[in-house]
Amino acid sequence: MAVSNKKYNAIDLETGKLDSRIFSDQDIYQEELEKIFGRTWLMIGHESLVPNLNDFFHTYMGEDPVILTRDDKGKLHAFMNMCRHRGNRIVQADVGNSKNFMCTYHGWTYSNKGDLEYVPGEEEAYYGALERESFHLIEARVDTYAGIVFANWDPGAPSLEEYLGDARWGLDIFFNRLDCGTEAIGPVKWIEPINWKTAVDNCSDNYHVPTTHLSAILVQGKHFGVPRTTHEQQFESPNKHLFINGHSMTLRFLDRPDQARQTHGVNQDNRAVFEEYYRTTLPEAQRRLGSIRAGQLQLGNHSIFPNGVLGFRLAHPRGPLETEFWHFVVLEKGMPDEIKRALRMGNGNFNGVAGLFEQDDMDNWRGVTRSSLTPLARKYSHDLSMGLGRAGSDPRFPGTVAERYTSENNQRNFYRRWEDFMNAEDWADIPIEPGTVEFEGTATMNG
Ligand code: FES
Ligand SMILES: [Fe+2]
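One point on numbering: in the numbering used here, the residue at position 218 of the sequence shown is 204, and numbering is uninterrupted.
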């Protein structure tokens, strides 16, 4: 390990050695909750989950339970689900529609704007001395990108637009393609016996696919006519693996502008329906994203720092050795029903709780997580040296671009980003890359 006076020096960027204690140490985990989940913009929901005035959706920021509300004026809020009296949860449901939330312990009642509106016995019990205004629910900053709702506890954090930065150039390809916007279906929730970082790191691990998922790939080939993924293909692939402002991204070149963008859910029977859809919507996508992003590129595996995995899917930390997955499928609202159904089924069958790919992955992530449990095993670093020194800038893309599609460049940078947050006193110490790309087309942060 390189000598450094930083508290955390988990990844050595010169050798690719990674200190595996970061996957199981309880003290490190507690610090992550504060320094990462307490500071970053976190995906917490989607506008389509709270479409009507006074809707709410229960979610999480790290381990903190959070209520996402749409108030009676249509404004979104994110509140810690914690009564300001004795800390009880004031919302017990997953979703609903309500102007008020009554704590079931002593009955303090809050509006969906976070104000404490009613206290039983306010005059008698408190002799009129309770300052209700000082008991507003703890509220996070909220902003949206293309319908996805993000929240942030830290008033010193940069804007969501700066936080995503040039990563939006790639994200727009999937999330911001059409005027109709998107809807999120889900979530399906389950617990995996893994550290949350293993799943995020894996979003950039193209190396594992032909080995880990061999049996699933054979099934896809036999029953759905999907071409088999091999190591040779992956090494020779012209596709790109980018690290942009803390976020990891895979961009794949399309063979034709009407090629079906998705890998899960498309088969020989419905491929023509997908292609017709992409042909018909191409002019609109070109207007919004320009011709390169609309017709030449597809967004592949990606992660949004810290815990967005494979799109709008969340890896909520639940202790160093457990992660709660929230699986959503994001669909363009105007998609024909046949395509929506195919994508819902396809995503569930491969990356859902019983998904073939998910089960393959989970076993490996559990092994990686548990490798750091014993003092003996912990003496040995993990190796992330693949493609060291083989990444740089590419005039066609923002961020740092790995020379090969299969590389551990993004993973090294993910742990370096993790260190940025873990070693920082506050946001003044955390680097943000200035935006450099021109966003061709009319699409904006707001759709
Ligand atoms: S804890 Fe909520 S009213 Fe007492
Ligand atoms: Fe995988």
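Built from N, CA and C at the ideal position, the CB exists for glycine as well. Just so we're clear, the structure is a prediction, and the values are computed from it rather than from any experiment.
| Asked | Found |
| --- | --- |
| Could you check where the alpha helix (DSSP H) with W404 kicks off and where it finishes? | N395 to M408 |
| Round the Cβ separation of P306 and F9 to the nearest angstrom and send it over; I've been treating them as touching at under 8 Å. | 7 Å |
| Among A377, A328 and T309, which has the Cα closest to the Cα of E49? | T309 |
| Give the secondary structure of K319 by DSSP, where H, G and I count as helix, E and B as strand, and everything else as coil. | coil |
| My assumption, with CB atoms under 8 Å, is that I171 sits in contact with Q284. Please give the rounded CB distance. | Contact doesn't hold; Cβ gap of about 21 Å is too wide. |
| Touch check for the segment 104 to 112 and the segment 129 to 147: three-plus C-beta pairs under 8 Å? | no |
| Between which two residues does the beta strand (DSSP E) carrying D182 extend? | Reading the sequence as shown, one finds Trp at residue 182 and not Asp. First-last for W182: W182 to N188, but that is the alpha helix (DSSP H), not the beta strand (DSSP E). |
| Please list, in chain order, all residues of the same chain as G276 whose beta carbon is under 6 Å from its beta carbon, the five residues on each side excluded. | E426 and G427 |
| Relative to ligand 2, is the shortest distance from any of its heavy atoms to the C-beta of V52 smaller than 7 Å? | no |
| Taking a cut-off of 5 Å, which residues have a beta-carbon closer than that to any heavy atom of ligand 1, in chain order? | C69, H71, R72, N74, C89, Y91, H92 and W94 |
| Select from H63, K208, T26 and N396 the residue whose C-alpha is nearest the C-alpha of H44. | H63 |
| Taking 7 Å as the cut-off, is the beta-carbon of D347 closer than that to any non-hydrogen atom of ligand 2? | yes |
| Can we count V195 as close to ligand 2, meaning its CB is less than 7 Å from some heavy atom? | yes |
| Could you tell me if L393 is buried or exposed, where buried requires 16 or more neighbouring beta carbons within 10 angstroms of its beta carbon? | Looking at the sequence shown, residue 393 is not Leu but Ser. Result: buried. |
| Starting from the Cα of P292, find the closest Cα among L54, H194 and V186 and give me that residue. | V186 |
| Given a cut-off of 8 Å on the beta-carbon distance, is the pair V77 and M66 in contact? | no |
| Do C166 and K21 have their C-beta atoms closer together than 8 Å? | no |
| Does the beta-carbon distance from F229 to N333 come in below 8 Å? | no |
| Can you have a look at E178 and say buried or exposed, based on whether 16 or more other CB atoms are within 10 angstroms of its CB? | buried |
| From the DSSP output, in three-state form, read off A340 for me. | coil |
| For Y(-6), name the three-state secondary structure that DSSP assigns. | coil |
| Less than 7 Å separating the Cβ of N399 from some heavy atom of ligand 2? | no |
| I'd like the list of long-range same chain contacts for D349, defined as Cβ closer than 6 Å, with 5 residues on each side in sequence excluded. | none |
| Which same chain residues, not among the five before or five after L39, have their C-beta less than 7 Å away from its C-beta? | R56, D58 and G60 |
| If you check the beta carbons only, do Q397 and D191 fall under 8 Å apart? | yes |
| Taking only heavy atoms of ligand 2 into account, decide whether any of them is closer than 7 Å to the Cβ of T198. | yes |
| Quick one: does the C-beta of N333 sit closer than 7 Å to a heavy atom of ligand 2? | no |
| Measure from the alpha carbon of L164 to the alpha carbon of each residue in Q272, G2, R330 and V354, then state which is nearest. | Q272 |
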